[in-house]
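Engineer: 64 is the number that full-length UniProt numbering gives to position 64 of the sequence shown; each next residue is one higher, with no gaps. Below: one structure in structure tokens.
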Amino acid sequence: MSNVLLRVLLWVFGQCMTHGSRFMPGLRSQITRTLIFELSGGNVARHWIFDAPSRRVRSVAGPASEADNRLRFATSRQALAVLVSTRTVDKLVESRNRGTVQIDGSPFIVLWFYGLTRMFVRLGAERQPRQPIPGAYLQHDPRANGAEKILIEPAVTRLDPAWRDAWKARSSLLMVRAAIGEPVGEP
């Protein structure tokens, strides 16, 4: 049963990424290099072919003959449990340390691929607060706790000539020097 469920899950990931690479700018911007990523568990395997020039993804059932990165689980049940978990990265690291998961290639590519899957299936996404945080600091309130420690100075249009350190710091700013016509050397 877990073989069938894993096969369906990987097929869904493949279809979502294939169609998403055509229509989603966020996904297309992630595809910056050409590589083949294979994910397998038990008797189930699927690989994704990422093409950088066209910024497209193709998904093919079965193992890849020449994969740049592979993520292999010992069983399809373990692969399914890790992929649908809200703590996928934690479980992946635990399994890697136990030796039940094998990563061939860069672990960063595995995390990148995990991020791509979460564009479509938002398991474990952090929930945002439904209402504004109580007591949020939106504007200055002199009655607020700690306001006596915040120094509020009036706005000035010209730097005080007696403040030598400020003038010295100002002279090192390239944008200020270039705007008033001073010669600017190479940084």
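Ideal Cβ positions, reconstructed from N, Cα and C, are used throughout, including at glycine.
Give the list of continuous beta strand (DSSP E) stretches no shorter than 3 residues that lie fully inside the stretch 24–100.
Structural biologist: With a minimum length of 3 residues, the continuous beta strand (DSSP E) runs that stay inside the stretch 24–100 are 35–41, 44–51, 56–61 and 69–73.
Engineer: Need the endpoints of the alpha helix (DSSP H) that Ala166 sits in, please.
Structural biologist: Mapped onto the sequence shown, residue 166 falls at position 166. Counting along the chain, the alpha helix (DSSP H) containing Ala166 begins and ends at Arg164 to Ser171.
Engineer: Take Arg7 as the anchor and find which of Ala67, Pro63 and Trp163 has the nearest alpha-carbon.
Structural biologist: Indexing the sequence shown from 1 puts residue 7 at position 7. Residue Pro63 is the option with its Cα nearest to Arg7.
Engineer: Could you round the C-beta distance between Arg55 and Arg28 to whole angstroms and report it? I think they count as a contact, below 8 angstroms.
Structural biologist: On the sequence shown, residue 55 is found 55 positions in, with the first residue counted as 1. On the sequence shown, residue 28 is found 28 positions in, with the first residue counted as 1. About 4 angstroms separates the beta carbon of Arg55 from that of Arg28, a gap short enough to meet the 8 angstroms contact definition.
Engineer: Run the CB neighbour count on Ser21, radius 10 Å, all protein chains shown included, and call it buried at 16 or more, exposed below.
Structural biologist: Position 21 of the sequence shown, counted from the start, is the residue given in the question as residue 21. With at least 16 other beta carbons inside 10 angstroms of its own, Ser21 counts as buried.
Engineer: Could you spell out the range, first to last residue, of the alpha helix (DSSP H) harbouring Leu159?
Structural biologist: Working through the sequence shown from its first residue, we reach residue 159 at position 159. Looking at the DSSP string, Leu159 is not in any alpha helix (DSSP H), and its letter there is neither H nor E.
Engineer: Hey, out of Thr88, Ala169 and Arg77, whose CA is closest to Gly41's CA?
Structural biologist: Within the sequence shown, residue 41 is the residue found at index 41, counting from 1. When each option's Cα is compared against that of Gly41, the closest is Arg77.
Engineer: Under the rule that 16 or more other beta-carbon atoms within 10 Å means buried, what is Gly26, buried or exposed?
Structural biologist: Indexing the sequence shown from 1 puts residue 26 at position 26. The residue is exposed, with fewer than 16 neighbouring Cβ atoms inside 10 Å.
Engineer: Could you check how far apart the C-beta atoms of Val44 and Asn3 are, in whole angstroms? I think they sit under 8 angstroms.
Structural biologist: As a position in the sequence shown, residue 44 is number 44, starting the count at 1. As a position in the sequence shown, residue 3 is number 3, starting the count at 1. About 5 angstroms separates the two Cβ atoms, so the contact holds.
Engineer: So what does DSSP say about residue 189, is it helix, strand or coil?
Structural biologist: Any question about residue 189 goes unanswered here, given that the chain covers just 1 to 187.
Engineer: Do you know how far the Cα of Arg143 is from the Cα of Pro161?
Structural biologist: By one-based count along the sequence shown, residue 161 stands at place 161. By one-based count along the sequence shown, residue 143 stands at place 143. When rounded, the distance between both Cα atoms is 34 angstroms.
Engineer: In its own chain, which residues sit with a C-beta less than 8 angstroms from the C-beta of residue 188, not counting the 5 before and 5 after it?
Structural biologist: Residue numbering for the chain in the displayed model covers 1 to 187; residue 188 lies beyond these limits and cannot be assessed.
Engineer: From Ser171 to Ile180, what distance separates their C-alpha atoms?
Structural biologist: Numbered from its first residue, the sequence shown carries residue 171 at position 171. Numbered from its first residue, the sequence shown carries residue 180 at position 180. Going by the C-alpha atoms only, they are around 11 angstroms apart.
Engineer: Using a threshold of 7 angstroms, state whether the C-beta atoms of Arg91 and Val84 are closer than that.
Structural biologist: For the purposes of this step, residue 91 is identified with residue 91 of the sequence shown, where counting begins at 1. For the purposes of this step, residue 84 is identified with residue 84 of the sequence shown, where counting begins at 1. The question names Arg, but residue 91 is Lys in the sequence shown. The answer is no: Cβ separation not under 7 angstroms.
Engineer: On the DSSP bridge assignment, give the partners of residue 192 in chain order.
Structural biologist: Since the displayed the chain opens at 1 and closes at 187, residue 192 lies outside it and no answer follows.
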